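*Asks:*
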Amino acid sequence: MLYRYLVLGSFLFFLAACSSKKNADLIVHHAVVYTADSASNTAQAFAVKDGKFLAVGSSETILNGYTADSVIDLGGQPVYPGFYDPHAHFLGLGQVLDQADLVGTASFDEVIQRLKVFQAKNPTAIWLVGRGWDQNDWPDKQFPTKEKLDAAFPNIPVCLTRVDGHAVMINSKALRLAGVTRNTQIPGGEILLAAGEPTGVLIDNAMGMVRRVIPQPDAKDKERMLLAAQRVCLSLGLTTVSDAGLDRKDIELVEQLHKENKLKIRDYVMVSLGEPNLEYYLKRGPFQTDRLTVRSFKLYADGALGSRGACLRKPYSDRPETGGFLLLSPKELKRALTLLAQSEFQANTHCIGDSANHLILDLYGKLLQKPNGRRWRIEHAQVVSPDDFWKFNRYSVIPSVQPTHATSDMYWAADRLGPIRVKGAYAFKDLMKQNGLIAFGSDFPVEAPNPLYGFHAAVARVDAKGFPAGGFQMENAVDRAAALKAMTSWAAYANFEDHLRGSIEPGKQADFVVLQQDIMKIPAPEIRGATVLQTWVGGEKVFQK
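Positions -24 to -1, 1 to 521 (mature numbering (1 follows the signal peptide of the UniProt record, and there is no 0)) are the ones given, in order, by the sequence shown.
(1) Pairing CB atoms from the segment 286 to 295 with CB atoms from the segment 326 to 337, are three or more of them under 8 Å?
(2) Would you say residue 28 and residue 515 are within 9 Å of each other, going by their C-beta atoms?
(3) Let's test the definition: count the other Cβ atoms within 10 Å of the Cβ of residue -16 and tell me whether it reaches 16, buried, or not, exposed.
(4) Go through its chain and collect everything with a Cβ distance to residue -3's Cβ below 7 Å, but skip five positions before and after it.
(5) How would you label residue 427, buried or exposed, when you count the other beta carbons within 10 angstroms and need 16 or more for buried?
(6) Taking residue 56 as the reference, give the member of 377, 117, 473 and 9 with the closest Cα.
(7) Threshold first: 4 residues or longer. Then list the alpha helix (DSSP H) segments lying entirely within the segment 224 to 312, N to C.
(8) Where in the segment 131 to 188 do unbroken runs of the beta strand (DSSP E), each at least 3 residues long, occur, reported from the N-terminal end onward?
(9) Can you tell which of 155, 411, 371 and 281 has the C-alpha that lies nearest to the C-alpha of residue 388?
(10) With DSSP as the reference, label residue 493 as helix, strand or coil.
(11) Restricting to Cα atoms, I'd like to know which of 274, 403, 181 and 7 is closest to residue 162.
(12) Report yes if the C-beta distance between residue 546 and residue 417 is below 9 Å; otherwise report no.
(13) Give a yes or no on contact between the segment 488 to 503 and the segment 408 to 424, applying the rule of three or more CB pairs nearer than 8 Å.
(14) Could you check where the beta strand (DSSP E) with residue 3 kicks off and where it finishes?
(15) Between which two residues does the beta strand (DSSP E) containing residue 326 stretch?
(16) Hey, how far is the Cα of residue 39 from the Cα of residue 3?
(17) Is it buried or exposed for residue 194, if we count other Cβ within 10 angstroms and need 16 for buried?
(18) Look at the alpha carbon of residue 212 and the alpha carbon of residue 475, and state the distance between them as a whole number of angstroms.
(19) Would you list the one or two residues that DSSP bridges to residue 477?
(20) Identify, in the order they occur along the chain, each residue of the same chain with its Cβ nearer than 6 Å to the Cβ of residue 142, setting aside the five sequence neighbours on each side.
(21) Go ahead and pull the three-state DSSP assignment for residue 121.
(22) Using DSSP's beta-bridge definition, name the partner residues of residue 22.
(23) Leaving out five residues before and five after residue 345 in sequence, what residues of the same chain have Cβ atoms less than 7 Å from its Cβ?
(24) Take the Cβ of residue 14 as the centre, count every other Cβ of all protein chains shown within 10 Å, and call the residue buried at 16 or more, exposed below.
(25) Helix, strand or coil: how does DSSP classify residue 198 here?
(26) Assuming residue 371 and residue 413 make a contact with CB atoms under 8 Å, what is their CB distance in whole Å?
(27) Are the Cβ atoms of residue 188 and residue 154 separated by less than 9 Å?
(28) Going by DSSP, what residue range makes up the alpha helix (DSSP H) through residue 214?
(29) Sort out for me which residues DSSP pairs residue 106 with in a bridge.
(30) Quick check: what's the CA-CA separation for residue 456 versus residue 390?
(31) From residue 438 to residue 404, what distance separates their C-alpha atoms?
(32) Less than 9 Å between the beta carbons of residue 190 and residue 214, yes or no?
(33) Measure the C-alpha to C-alpha separation of residue 186 and residue 207 and round it to an integer number of angstroms.
(34) Would you kindly report the start and end of the unbroken beta strand (DSSP E) that includes residue 376?
(35) Keeping to the same chain, check which residues put their C-beta closer than 6 Å to that of residue 492; ignore five residues upstream and five downstream.
(36) My guess is that residue 122 and residue 176 are in contact by the Cβ rule of under 8 Å, so how many angstroms apart are they, rounded?
Have a look at this one:
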């Protein structure tokens, strides 16, 4: 009889223990959880309910306190908040997947050969379009000219975008269709000439001449492109991406695909500057849905360093006849920023050269005047004069940078800038010190979309080849804890999304990624090869290796 009472008592105790547990939808335990919270805490487990983190703590605490139909033992694998890319071109990535891939070409002859292969696979194409070439990677580092394109493709127009998106190379047929001649003048752009005739290279605003005559994808094409880009990004652990400059129609397409549950990935969209967009969105105001944030405008102050369109305070060291140029006049930039200052929108301005950074920081300062909560950003902040760094702190400006730009540009950056000026370039640690945070993106498809490449570039300051030995300007490397926050919680702050996600904390949306290797501990050369095993958005598994 006593035995029966003991058994019954044990059973009742078990039922009571079970009934005292709180219900969850998912429990993840036996993991190394990097929360990326304000204290950079680590945990072993968490519970998720209704798409949000319910509790975070030790495996014992979570398993004893919660019950769920789905319980995952990760066997000690690392978990991080879902990775952010706060400056990218999400639709642009989808578009590039439809074009000839010219990244990594070792010569212009290889560009021609890849185009021939692409044309053979796409025989009905009425334009040949590609992206990714970089003359700095070729034996002859001068811009190419159109003669080889004309010889290989005399009867079809060709438009090839440089890797940075700030120059194109076109053939004679495309020049004729675009109406570009030796006398064409474009403010904020350049048409390169040789012997008084266009070479086929158009820089910055001049690119609009040819892009307006290239057939544009329709909504169905763009939907396919966005879904293709999503597959790539989710496989890399990205749960929030950005579109650094979209028009109203494309924003509405993204919003519709979210409503239809076709797009699972979250998108932080910057509205492209332009009168129709300004008129519509300033009237509508910022808005945020579960998966879409629209509360910023993208402005361009200057071009890119690689194509010498970045606006410098003194001439280029390797081309002293030019110092680059602004894409908009100071008056136009001031007008746009004044309108944004009078609204609730964030201003995100592309600034590469030290002159562009100087101008925009001063314009921000006149409008913002003091520390504030506006979270205005400088996109790239690539070359900053030493006497301008303090302005990031004074006016609460967020530096939104791309670490892989440093390891891509380091081969020739000193040639462009000289040995002294280059020290103010890619200065991530100096920028981070100003406000105690920095946002890391990739600018894909300018660079690869893999966020681990940026993490590696920021902490090791070397490229995939391990070059240079000892790292590039290592005084501006950041530690791994800061690098993780820069692509999670700090990036979320830069997007006005830190109250929603970016860290693994109770109440925040359950966006997280599981890796096979621990990027916080493995040797630096192994970081780029770390494998994403699972990606979760709002408590839903959206990628499984």
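C-beta: ideal position from N, C-alpha, C; glycine also. What you are looking at is a predicted structure, and each value in this text was computed from that prediction instead of being measured.
*Replies:* Once the coordinates are examined:
(1) yes
(2) In the sequence shown, the residue the question calls residue 28 occupies position 52. In the sequence shown, the residue the question calls residue 515 occupies position 539. Contact: yes.
(3) Locating residue -16 in the sequence shown gives position 9, where the first residue counts as 1. Low local confidence applies: a pLDDT of 47 at residue -16 is under 50, so the model's placement there is unreliable, with the coordinate-based value given in what follows. Residue -16 should be labelled exposed.
(4) Here residue -3 refers to the residue found at position 22 when the sequence shown is read from its first residue. The answer, listed in chain order, is 41 and 42.
(5) The residue labelled residue 427 in the question sits at position 451 within the sequence shown. It counts as buried.
(6) As a working mapping, residue 56 is identified with position 80 in the sequence shown. Of the listed residues, the one whose Cα sits closest to residue 56 is 9.
(7) 224 to 235 and 251 to 260
(8) 134 to 138, 143 to 146, 165 to 170 and 173 to 180
(9) To locate residue 388, count along the sequence shown from 1; it is residue 412. Cα-wise, what sits closest to residue 388 is 281.
(10) Translated into the one-based positions of the sequence shown, residue 493 becomes position 517. Correct three-state label for residue 493: coil.
(11) Indexing the sequence shown from 1 puts residue 162 at position 186. The option with the nearest alpha carbon to residue 162 is 181.
(12) Nothing in the structure corresponds to residue 546, since the chain is present only between -24 and 521.
(13) no
(14) Against the sequence shown, residue 3 aligns to sequence position 27. Start and end: 2 to 5.
(15) As a first step, residue 326 is located in the sequence shown; it is residue number 350 there, counting from the start. It spans 322 to 327 - the beta strand (DSSP E) in which residue 326 sits, taken as one unbroken run.
(16) On the sequence shown, residue 39 is found 63 positions in, with the first residue counted as 1. On the sequence shown, residue 3 is found 27 positions in, with the first residue counted as 1. When rounded, the distance between both Cα atoms is 8 Å.
(17) Position 218 of the sequence shown holds residue 194. Residue 194 should be labelled exposed.
(18) Within the sequence shown, residue 212 is the residue found at index 236, counting from 1. Within the sequence shown, residue 475 is the residue found at index 499, counting from 1. The straight-line gap from Cα to Cα measures roughly 24 Å.
(19) Taking the sequence shown and counting its residues from 1, one reaches residue 477 at position 501. DSSP, once it has assigned bridges, lists no residue as partnering residue 477.
(20) Within the sequence shown, residue 142 is the residue found at index 166, counting from 1. For residue 142, where only same-chain residues beyond five positions count, the Cβ hits under 6 Å are 180, 279, 280, 283 and 285.
(21) By 1-based counting over the sequence shown, the position of residue 121 is 145. Here residue 121 sits in coil by DSSP.
(22) Taking the sequence shown and counting its residues from 1, one reaches residue 22 at position 46. Bridge partners of residue 22: 4 and 32.
(23) The residue you call residue 345 lines up with position 369 of the sequence shown. Contacts found: none.
(24) Within the sequence shown, numbered from 1, the residue matching residue 14 stands at position 38. Exposed.
(25) Residue mapping note: residue 198 aligns to position 222 of the sequence shown, counting from 1. Looking at residue 198 - three-state DSSP - the assignment turns out to be helix.
(26) Position 395 of the sequence shown, counted from the first residue, corresponds to residue 371. Position 437 of the sequence shown, counted from the first residue, corresponds to residue 413. About 15 Å; that fails the 8 Å criterion.
(27) Working through the sequence shown from its first residue, we reach residue 188 at position 212. Working through the sequence shown from its first residue, we reach residue 154 at position 178. Cβ distance < 9 Å, so residue 188 and residue 154 count as in contact.
(28) Taking the sequence shown and counting its residues from 1, the one referred to as residue 214 is at position 238. Segment 214 to 222 is the beta strand (DSSP E) holding residue 214; no alpha helix (DSSP H) there.
(29) Translated into positions along the sequence shown, residue 106 becomes position 130. DSSP, once it has assigned bridges, lists 76 and 136 as partnering residue 106.
(30) Position 480 of the sequence shown, counted from the start, is the residue given in the question as residue 456. Position 414 of the sequence shown, counted from the start, is the residue given in the question as residue 390. Their Cα atoms are separated by approximately 27 Å.
(31) Stepping through the sequence shown from its first residue, residue 438 is reached at position 462. Stepping through the sequence shown from its first residue, residue 404 is reached at position 428. Those two C-alpha atoms are separated by around 14 Å.
(32) Along the sequence shown, one-based indexing puts residue 190 at 214. Along the sequence shown, one-based indexing puts residue 214 at 238. No, the pair does not count as a contact, with Cβ atoms beyond the cut-off.
(33) Reading the sequence shown from its first residue, position 210 is the one you call residue 186. Reading the sequence shown from its first residue, position 231 is the one you call residue 207. Spanning the two alpha carbons is a distance of roughly 30 Å.
(34) Numbered from its first residue, the sequence shown carries residue 376 at position 400. It spans 374 to 377 - the beta strand (DSSP E) in which residue 376 sits, taken as one unbroken run.
(35) By one-based count along the sequence shown, residue 492 stands at place 516. The residues are 507 and 509.
(36) Locating residue 122 in the sequence shown gives position 146, counting from the first residue. Locating residue 176 in the sequence shown gives position 200, counting from the first residue. Between residue 176 and residue 122 the Cβ distance is about 3 Å, and since that is below 8 Å, they are a contact.
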